[in-house]
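Chains as they are written, first to last, in our numbering: chain X, 4 to 334; chain D, 12 to 347.
Cβ atoms here follow ideal geometry from the backbone N, Cα and C, with glycine treated the same way.
The structure appears right after this line, and notes come after that.
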Amino acid sequence: MKHEMLVDVRDVEKRFRYGVFFGFTFKALDGVSLYIENKPVIYTVAGESGSGKTTLARVILGMLKPERGYVLYRGRDIYRLSREEIRWFRKEVQAIFQNPYASFNPLRKVYSYLLDTALNLAGAHNKEEAQDIVARALEIVGLNLDDVINKTPSELSGGQLQRVAIARALIPKPRLIVADEPVSMLDASLRVNILNIFKEAKERMDVSFFYITHDLSTAYYISDIIAIMYRGWIIEKGPIEVVMEKPSHPYTQMLIESVPEPDLNKREKWLLRIKLGGIEEREFIEQGCKFRARCPFAFEKCSKEPPEFKLENGVTVRCWLYEDRYNKAPS
Amino acid sequence: MSTKEEPLVMVRNIVGGYIVSGSRGFLEAVSRVTLDIYANEIIGIAGESGCGKSTLVKIMYGFIRKPLVLTSGKIYVKKDSDLLEITSMDEDERRKKIWWRVLSYIPQNSMSVLNPVKRIKDHFIEILKAQGRNYITNKDAIEAIASYMEEIGLPREVLNAYPHQLSGGMRQRVVTSMALIMRPRVVLADEPTTGLDVVVQRGIIQNIVESIRRLGSSLVLVSHDIGLHAMITDRMAIMYAGKIVEVGRTIDILRKPLHPYTQALLESLPRLGDKKPREGLRGMPPNLISPPPGCRFHPRCPFAMDICKKVEPGLVEVEPGRLVSCYIYRGEEHRR
Chain X
4 MKHEMLVDVR
14 DVEKRFRYGV
24 FFGFTFKALD
34 GVSLYIENKP
44 VIYTVAGESG
54 SGKTTLARVI
64 LGMLKPERGY
74 VLYRGRDIYR
84 LSREEIRWFR
94 KEVQAIFQNP
104 YASFNPLRKV
114 YSYLLDTALN
124 LAGAHNKEEA
134 QDIVARALEI
144 VGLNLDDVIN
154 KTPSELSGGQ
164 LQRVAIARAL
174 IPKPRLIVAD
184 EPVSMLDASL
194 RVNILNIFKE
204 AKERMDVSFF
214 YITHDLSTAY
224 YISDIIAIMY
234 RGWIIEKGPI
244 EVVMEKPSHP
254 YTQMLIESVP
264 EPDLNKREKW
274 LLRIKLGGIE
284 EREFIEQGCK
294 FRARCPFAFE
304 KCSKEPPEFK
314 LENGVTVRCW
324 LYEDRYNKAP
334 S
Chain D
12 MSTKEEPLVM
22 VRNIVGGYIV
32 SGSRGFLEAV
42 SRVTLDIYAN
52 EIIGIAGESG
62 CGKSTLVKIM
72 YGFIRKPLVL
82 TSGKIYVKKD
92 SDLLEITSMD
102 EDERRKKIWW
112 RVLSYIPQNS
122 MSVLNPVKRI
132 KDHFIEILKA
142 QGRNYITNKD
152 AIEAIASYME
162 EIGLPREVLN
172 AYPHQLSGGM
182 RQRVVTSMAL
192 IMRPRVVLAD
202 EPTTGLDVVV
212 QRGIIQNIVE
222 SIRRLGSSLV
232 LVSHDIGLHA
242 MITDRMAIMY
252 AGKIVEVGRT
262 IDILRKPLHP
272 YTQALLESLP
282 RLGDKKPREG
292 LRGMPPNLIS
302 PPPGCRFHPR
312 CPFAMDICKK
322 VEPGLVEVEP
332 GRLVSCYIYR
342 GEEHRR
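Now the structure itself:
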């Protein structure tokens, strides 16, 4: 069954050193497991800053080798690929980052990037074939040739350049695109246009997306599955509708409740007083559940690390409240 | 907040912007903006990047340093029974008469107001002394500050920290409490929680709202996040390309946006629990060095008429307290 997965992340641990004075290491990823099925899906990893979501994206892209655990892409360990397989992986898995201006050489015309990608990674045999491939990719992202030809990155708006970045990612006909906060630098009124391109690429080109974001509203809009991260753990994962509408983990509940939304009915609940913590980094080195210090439901058992509990609604949650699977979600 | 009431701050026909290097002209970031701020209200200024909202509050605060230039317009602020025209004051006078006690400012980037080589307590002492509390000793000052910190729920140990030792959220809380310590009549907050995690943001905004209500002050919240406006503001002003295009009660704007830009903006926002396909805006905002004639939104507006391309609509009251800058809401003579 394992070979049927597109991506299989098993028990991955990635450490970083932190603190000039203390020399602690902390686990940016602390035993993370997830899989993406081999069919077109949009899988969101959501979390706040420091949750490890960007580290996870980089591990999956083959950019950051974990200390423990492994990442299989279509059954192959991506950190043990042969030279031939590396080329295959680079074609199959593409990346889109937050700041499109950082992903392009500012002096080079963006169109030449696209042509080169078509020649090198999409198997175009000559310039004409490459131009065809580029034209099709531009059409999917809603750009005309006139918009990009003879333009350097600085001559395009953020939204346009992000579209070019997506076009470039689509040209090699990838199976998976890892998109790390791809819309957070764009204006709200333009974000949904980019998200719509992801949906369309999923439906028309069978591309799966690994969407990394801190923004739950956009996650809800496009994803099928979501994993919520908290300080290096996936604390809850499952179908997006279930997780967002009936969150199980107390942290997920707090997170969803805290999202400000253009909906006045939410105001009263949003204004219910929450307590802000003190110095935050301590939680990294504590034993037991990492959310314990902030959790309104914490009890004795939480001083031990909670395992994953599978619930009947398809959700997996790391919280002792669900040890007895007949326990109901706290309301 | 009724319109009969006399405003606390009157912004009148403000034009301001930035001198662009290489003599490429003047970027008019704020273009003839008029707005009233009333007592006891939380008013939001919303809009997307480059719409002029940050520039407008910088000018309102009177923090006008090059390349920012105030070209014309006036701002009046009520202080006790006086009406002060702050735009003609120099910075020293503003510092003495206005800043901290009448108007205070919370910037987006806390590091821009915190001195990295000073402890947090020294920042507070400096404010107190600058505000004529020279007679107090440092020890008394620290006691006063510590009890103030306790009151607003900041851990006392923060006082001895240097700014860089604190998390972004904690720094923002410090800056917020600095802005509130002199009990200002109006707090101008420019994206005060942008970039912070949503839970931290919620806590900080709750702190600000609570303090504002307790002091009976007013808050001007500048934010690109319509959701945040929906959570706390009483009224909103929507800006586009240097202009206010719509003003009204938040409840009215969210339920029935009038300006086509506001409509498109609200329509484009994904919401939790709603997978309905949405569309974003077409095109991009205009270049403000040479903005389009007429309504600045007309190149992107699905309802643009002939007149929109020629003559600026201007902000007109269409219902009590509801202003919009769009010909759709004018008499027939404008339609063709």
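| Asked | Found |
| --- | --- |
| Which of helix, strand or coil DSSP assigns to Met-8/X | strand |
| Classification of Asp-201/D by the beta-carbon crowding that lies within 10 angstroms, buried from 16 upward | buried |
| Length-filtered (3 minimum) beta strand (DSSP E) runs lying within the region 212–296 of chain D | 229–234, 246–251 and 254–260 |
| Contacts of Asn-196/X in chain D (Cβ-Cβ under 7 Å) | Gly-291 |
| Euclidean distance between Cα positions of Leu-258/X and Leu-219/X | 9 Å |
| Counted within 10 angstroms of its Cβ, other Cβ atoms place Arg-182/D as buried (16 or more) or exposed | buried |
| Chain-order list of residues whose beta-carbon lies under 7 Å from that of Ala-125/X (same chain, five-residue window excluded) | Ile-136, Ile-174, Pro-175 and Lys-176 |
| 7 Å Cβ cut-off: residues of chain D touching Asp-266/X | Ala-241 and Arg-282 |
| Buried versus exposed call for Lys-56/X [16 or more other C-beta atoms within 10 Å across all chains shown] | buried |
| Inter-residue spacing [alpha-carbon to alpha-carbon] between Asn-24/D and Ala-121/X | 53 Å |
| Short Cβ contact (8 Å threshold) for Glu-260/X with Lys-278/X | no |
| Reference Gly-332/D; option with closest CA among Arg-260/D, Lys-320/D and Leu-95/D | Arg-260/D |
| Inter-residue spacing [alpha-carbon to alpha-carbon] between Ile-70/D and Thr-255/X | 40 Å |
| Local conformation of Pro-242/X per DSSP, three classes | strand |
| Cross-chain neighbours of Asp-208/D in chain X, by beta carbon under 8 Å | Glu-51, Ser-52 and His-217 |
| Ile-259/X - containing alpha helix (DSSP H), residue span | 253–261 |
| Chain-ordered residues of the region 147–169 of chain X with a beta carbon less than 9 Å from chain D | Ser-160, Gly-161, Gly-162 and Gln-163 |
| Endpoints, beta strand (DSSP E) assigned at Tyr-82/X | Here Tyr-82/X belongs to no beta strand (DSSP E), and DSSP marks it neither H nor E. |
| Delimiting residues of the beta strand (DSSP E) encompassing Thr-45/D | 36–48 |
| Limits of the alpha helix (DSSP H) - the one that Ser-65/D falls within | 64–72 |
| 7 Å Cβ shell around Gly-317/X - same chain, five flanking residues per side excluded | Gly-241, Pro-242 and Val-245 |
| Cut-off 6 Å between Cβ atoms - residues of its own chain near Glu-284/X, not counting five sequence neighbours on either side | Unreliable placement is indicated for Glu-284/X, whose pLDDT of 48 sits below 50; no coordinate value is reported for it. |
| For Ile-131/D and Val-185/D, the rounded distance between their alpha carbons | 8 Å |
| Residue-level contact to chain D via CB, Met-208/X, 8 Å cutoff | no |
| Cut-off 7 Å between Cβ atoms - residues of its own chain near Gly-27/D, not counting five sequence neighbours on either side | Ala-40, Val-41, Thr-66, Ile-70, Leu-79, Val-80, Leu-81 and Thr-82 |
| Euclidean distance between Cα positions of Val-44/X and Glu-203/X | 12 Å |
| Listed by chain order, chain D residues near Asp-276/X by CB distance under 9 Å | It is worth fixing the name first, because residue 276/X is Arg in this sequence and not Asp. Going along chain D in sequence order, the residues near Arg-276/X (Cβ under 9 Å) are Gly-214, Gln-217 and Glu-221. |
| DSSP three-state assignment for Arg-106/D, whether helix, strand or coil | helix |
| Beta-carbon gap between Arg-194/X and Val-186/X smaller than 8 Å | yes |
| Lys-17/X vs Val-48/X beta-carbon contact at 8 Å | no |
| Endpoints, beta strand (DSSP E) assigned at Arg-139/X | Run containing Arg-139/X: none in the beta strand (DSSP E); it sits in the alpha helix (DSSP H), 130–143. |
| Cα-Cα separation, Ala-190/D to Ser-158/D | 16 Å |
| Counted within 10 angstroms of its Cβ, other Cβ atoms place Gln-290/X as buried (16 or more) or exposed | exposed |
| Delimiting residues of the alpha helix (DSSP H) encompassing Asp-149/X | 148–151 |
| Buried or exposed by the 16-neighbour rule on C-beta atoms within 10 Å, applied to Ala-152/D | buried |
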